[in-house]
Amino acid sequence: MLTLHFAPQSRAVRIAWLFAELDLDYNLNAMRFHPEDLKSDAHRARHPLGRIPVLEDDGQQIWESGAIVDYILERHKNGGLKPAVDDPRFGKYLQWFHYCEGMVMPPMNTIVVHTLLLPPDRRDPTVLAQAQKLLSRSLLPLEEELADKEYLIGDFSGADIMLGHSCIMSRRLGCVGEELTALNAYIDRLEARPAWQAADAIQ
Ligand SMILES: N[C@@H](CCC(=O)N[C@@H](CS)C(=O)NCC(=O)O)C(=O)O
6 MLTLHFAPQS
16 RAVRIAWLFA
26 ELDLDYNLNA
36 MRFHPEDLKS
46 DAHRARHPLG
56 RIPVLEDDGQ
66 QIWESGAIVD
76 YILERHKNGG
86 LKPAVDDPRF
96 GKYLQWFHYC
106 EGMVMPPMNT
116 IVVHTLLLPP
126 DRRDPTVLAQ
136 AQKLLSRSLL
146 PLEEELADKE
156 YLIGDFSGAD
166 IMLGHSCIMS
176 RRLGCVGEEL
186 TALNAYIDRL
196 EARPAWQAAD
206 AIQ
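The opening position of the sequence shown corresponds to residue 6 in the numbering used here, with each subsequent residue numbered one higher.
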């Protein structure tokens, strides 16, 4: 049986969203997004840095949300929500899938640290402004890509779970300008998906 170690408002929502899209059964270990839970001995035994998400399958623990999404798509859904290697969209699928953690999440992490996590006297407005600029810039290629597509490779895929989640979070952080009409419409489409709504509501 699959077990997802989870906390709300985190990348673990990606995995709960994927399970809901695929209608797969799993056990949920819902923790608080708090050091008492994430840095506990029990959780550090699953992930040495005390991070989420962690997936457990057959006694094996897997971390990194992208690895978990790919693992589930290969192992439990026989390549569903993912184009085959000889599909012309395969390269773009990989590109957008990895653009998420590679380019979009680093500035977003900095924004979260300097708006929510650090005590107010340790937040740095210069670092924050630079990260907001970087995040906004990293989202610009998506406006062009989505001008003529509903989802990143046309059909909904694992890339939308990864990068789409980052787009939703970026808008919640106020980093998606109204002038980005295609990107905003994409985010609206993602947020209208029942599977997203179910995952986002887990506490
Ligand atoms: N690259 C990792 C990042 C994991 C990560 O940093 N998760 C955050 C939640 S979104 C976390 O566990 N933060 C707790 C902490 O920093 O103590 C992934 O994609 O899974």
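Note that the Cβ used here is the ideal one computed from N, Cα and C, for glycine as well.
Owing to the predicted nature of the structure, the values given are computational and were not obtained by experimental measurement.
Compute the beta-carbon to beta-carbon distance between residue i and residue j, rounded to the nearest angstrom, for a pair I have assumed lies under 8 Å.
i	j	result
Arg16	Ile57	7 Å
Met110	Leu178	About 12 Å; that fails the 8 Å criterion.
Ser45	Tyr98	With a Cβ gap of about 36 Å, Ser45 and Tyr98 do not count as contacting.
Leu157	Glu150	7 Å
Ile166	Arg19	5 Å
Phe102	Ala164	4 Å
Under three-state DSSP, which class holds residue i?
i	result
Ile67	strand
His10	strand
Asp160	strand
Asn34	strand
Asp46	helix
Leu123	coil
Asp62	strand
Cys180	coil
Lys138	helix
Arg80	helix
Val203	Per the sequence shown, the amino acid found at residue 203 is Ala instead of Val. Correct three-state label for Ala203: helix.
Glu106	helix
Ala190	helix
Asp92	coil
Glu26	helix
His170	helix
Should residue i be labelled buried (16 or more other beta-carbon atoms within 10 Å of its own) or exposed?
i	result
Phe11	buried
Gly84	exposed
Leu121	exposed
Ile6	The question names Ile, yet the displayed sequence has Met at residue 6. Met6 should be labelled exposed.
Arg80	exposed
Ala50	exposed
Lys138	exposed
Leu168	buried
Glu132	Strictly speaking, residue 132 in this sequence is Val, with Glu absent from that position. Val132 should be labelled exposed.
Ala136	buried
Pro40	exposed
Pro124	exposed
Leu9	buried
Pro88	buried
Leu29	exposed
Ile54	The question names Ile, but residue 54 is Leu in the sequence shown. So Leu54 ends up on the exposed side.
Three CB pairs or more closer than 8 Å across the region 19-32 and the region 198-207: Contact annotation: the region 19-32 touches the region 198-207, with at least three C-beta pairs closer than 8 Å.
The region 69-82 in contact with the region 124-144 per 3-pair CB rule at 8 Å: No: the two stretches stay apart, fewer than three of their Cβ pairs being nearer than 8 Å.
The region 92-104 in contact with the region 189-196 per 3-pair CB rule at 8 Å: Short answer: they don't touch.
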